[in-house]
Structure formats: C-alpha cells, structure tokens
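Note sheet for the following structure.
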Amino acid sequence: MDLKEKIDKDILPKHIAVIMDGNGRWAKKKGNQRIFGHKNGVKAVRDTVEGAAEIGVKFLTLYAFSTENWSRPKQEVDALMSLLVSTINSETDTLIKNNVRLLTIGDINGLPKDVGKNLNELIKKTSNNTGLSLVLALNYSARWEIVNAVQQIVSEFEKTPFNIKEIDNEVFEKYLNTKNIPDPDLLIRTSGEFRISNFLIWQLAYTELYFTEVLWPDFRRDDLFNAIINYQKRERRFGKTSEQIKH
Ligand code: FPP
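When you line the sequence shown up against my numbering, it's residues 3 to 249, in that order.
Below, the structure written as structure tokens:
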C-alpha cells in the first residue's frame with residue numbers, strides 16, 4: 003500500500019514546521035564541500051513542498067536561515083544567499099502553477115538587498131494563491147521575534163497607555179511574525195539532533211515533535227508521509243486527561 007494512502011485526511015496536521023538539518027554532514031560523507039549539501043537540500047525542499055501540497059497540508063514552515071547562521075564562514079553564507087535567490091527564481095513558475103502562497107518570517111530587512119527584493123516580488127505574485135502556504139524562516143530567531151513583539155507593545159503603550167491586563171496570549175500573538183498562521187501541529191527535525199535551536203519557541207508550546215536520522219538532502223515526500231502517519235497515532239491532550247479528550 004502506498005504510504006500516502008495510510009494518511010487519514012480527516013486528521014491531517016494543518017501546519018508542519020521543519021528544521022532542515024544535516025546538509026553539511028551529508029556533503030562531508032560524500033567528500034564534498036558543505037554547499038554541495040545545501041544545493042542538494044533544495045531537492046528535498048522541492049519534494050517536501052510538493053508532498054505537502056499534494057495531500058492538502060495548509061501551512062509548511064521551513065527553517066532556511068537562522069540569525070545565528072550569520073556566524074558561519076562568509077563563503078558558506080554567501081553561497082546560501084545566492085542559492086536562495088536562484089531557487090526563488092527557478093521555482094517561481096512552479097509555485098504559481100501549484101497555487102502555493104509564499105510567506106516569510108524573520109528579519110527580512112536584514113537580508114542582502116537582492117534576496118529581499120526577489121522574495122518580496124514572489125510574495126506579491128503568490129499572494130492570492132489559496133493552496134499551501136509555504137513559510138520560509140529567514141534571518142529568523144524565536145527570541146528575536148519575542149523581544150521584537152515586546153518592543154512593539156511597549157512602544158504602543160508609550161503612545162497611548164492602556165490597561166496592561168489586556169495583554170493576553172491572543173493579543174501577544176498578534177505581534178509575532180506568525181500572526182494569522184496557526185501554531186504548528188507537527189515539528190520535524192532531520193539528522194538525528196534533538197534540539198529546537200531558537201525556532202518558533204512560543205508557537206511550539208503544544209506541537210508534536212518528530213525526529214528522524216535522515217539527513218536533510220535525503221529527505222523525500224515518503225519521509226514526510228511517515229512523519230504524518232506517526233503524528234496521527236498520537237493523542238494530543240493539550241494539558242487535559244486522556245478521558246476528557248475521548249468524551
Ligand atoms: C542545516 O544543515 C541547513 C541549513 C542551515 C540551510 C538550509 C538551506 C537549504 C536546504 C537550501 C535553501 C533553502 C530553500 C528554502 C530554498 P547544516 O548546514 O547545519 O548541516 P550540518 O548540521 O550537517 O552541518
């Protein structure tokens with residue numbers, strides 16, 4: 003039986019977030035430079051996006067470049083940035099054809115000008131698409147996102163003071179980059195590492211975590227489907243008891 007057929011369409015995760023890890027190790031194993039791993043990582047991105055769109059996942063967030071990634075060797079950072087631009091350009095038609103809407107989270111203004119420009123153009127071109135929303139986390143750090151939210155709230159308070167008791171979870175979330183995006187139901191991290199690495203710290207509060215040994219460049223839609231099948235066997239309790247969930 004095809005893996006896809008084992009997926010229950012009624013309890014599909016609405017939002018899947020992915021920490022794409024292991025590009026460097028994959029390349030090293032093959033006796034190649036790290037960037038060779040990133041280039042092959044694009045193939046995994048393509049297959050994962052297609053797989054997610056095909057089964058009807060609504061949001062897919064990919065951790066493509068963290069704020070901490072700037073401290074990698076300049077040669078690798080430059081290569082990653084040009085890979086981003088070339089991928090955006092080469093995938094534009096496919097994304098449009100497949101009704102995918104592109105969104106970003108992270109400090110996009112802090113990216114090189116050509117990357118920001120290409121991204122903004124593609125965001126605009128796909129803004130009316132109604133299929134999968136592909137969210138790229140770029141120059142993203144969850145702590146930055148939270149501090150940034152606090153700064154915005156305080157700045158509004160300085161202009162027009164309000165009752166601080168009005169700030170609850172719902173209000174706070176409106177100041178995060180992910181406003182209007184539901185929290186992830188499932189987080190996948192590849193390459194056998196068990197960390198969150200400053201990714202969506204607020205949003206992952208009740209997310210199901212799935213770790214696989216597969217290195218990102220080898221990740222394909224069947225790996226995504228396996229993660230979803232595993233997720234569908236779990237009982238999500240959101241702090242309640244098992245009995246409460248069942249009744
Ligand atoms: C982590 O592997 C991967 C990254 C930091 C970059 C991810 C980028 C891509 C897959 C390519 C471009 C993406 C898009 C969305 C077009 P690592 O380098 O940390 O691997 P290692 O842990 O084995 O060293």
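We put the CB at the ideal spot given by N, CA and C, even for glycine.
Only a predicted model underlies this, so the values are computations on that prediction, with no experimental measurement involved.
Counting only runs that start and end inside the segment 11–82, the beta strand (DSSP E) elements of at least 3 residues fall at 17–21, 61–68. At the C-beta level, residue 94 and residue 124 come within 7 Å of one another. Within the segment 162–240, the alpha helix (DSSP H) runs of at least 4 residues that lie entirely inside it are, in chain order, 171–175, 223–234. Within the same chain, 57, 227, 230, 231, 234 come within 8 Å of residue 9 by CB-CB distance, once the 5 residues on both sides are set aside. When only Cα atoms are considered, residue 183 and residue 104 end up about 12 Å apart. Cβ-Cβ separation between residue 139 and residue 213: approximately 18 Å, too far for a contact (criterion under 8 Å). Annotation for residue 135: the continuous beta strand (DSSP E) segment containing it runs 135–142. A straight-line Cα-Cα distance of about 25 Å links residue 55 and residue 237. Assigned with DSSP and collapsed to three states, residue 113 falls in coil, not helix or strand.
Between the segment 80–93 and the segment 157–166, the count of C-beta pairs closer than 8 Å stays below three; the two stretches do not touch. Per the DSSP secondary-structure output, residue 104 pairs in a beta bridge with 136. Between residue 120 and residue 91 a beta carbon distance of about 7 Å is seen, short of the 8 Å cut, so the two are scored as contacting. Residue state for residue 91 is assigned as helix, using DSSP reduced to three classes.
A contact between stretches requires three or more CB pairs, one per stretch, nearer than 8 Å, and the segment 189–196 meets this requirement with the segment 14–21.
From the listed residues 219, 223, 244, the smallest Cα separation to residue 36 is found for 219. Cα atoms of residue 170 and residue 242: separation of roughly 21 Å, rounded to the nearest angstrom. Taking all protein chains shown into account, residue 13 has fewer than 16 neighbouring C-beta atoms within 10 Å of its C-beta and is therefore exposed. Taking the Cβ atoms as the reference, residue 59 lies roughly 17 Å from residue 107, outside the contact range of under 8 Å. Exposed is the label assigned to residue 207, since fewer than 16 other Cβ atoms lie within 10 Å of its Cβ. Within the chosen limit of 6 Å, ligand 1 does not reach the beta carbon of residue 95 with any heavy atom.
The beta carbon of residue 98 lies closer than 8 Å to those of 127, 128, 131 in the same chain, with the five residues before and after it left out. Taking the Cβ of residue 66 as the reference point, at least one heavy atom of ligand 1 falls within a distance shorter than 6 Å. With respect to the 7 Å criterion, residue 135 and residue 61 are classified as neighbours on the basis of their beta carbons. When distances are taken from the beta-carbon of residue 220 to the heavy atoms of ligand 1, even the shortest one reaches 6 Å or more. Around the C-beta of residue 145, fewer than 16 other C-beta atoms lie within 10 Å, and the residue is accordingly described as exposed.
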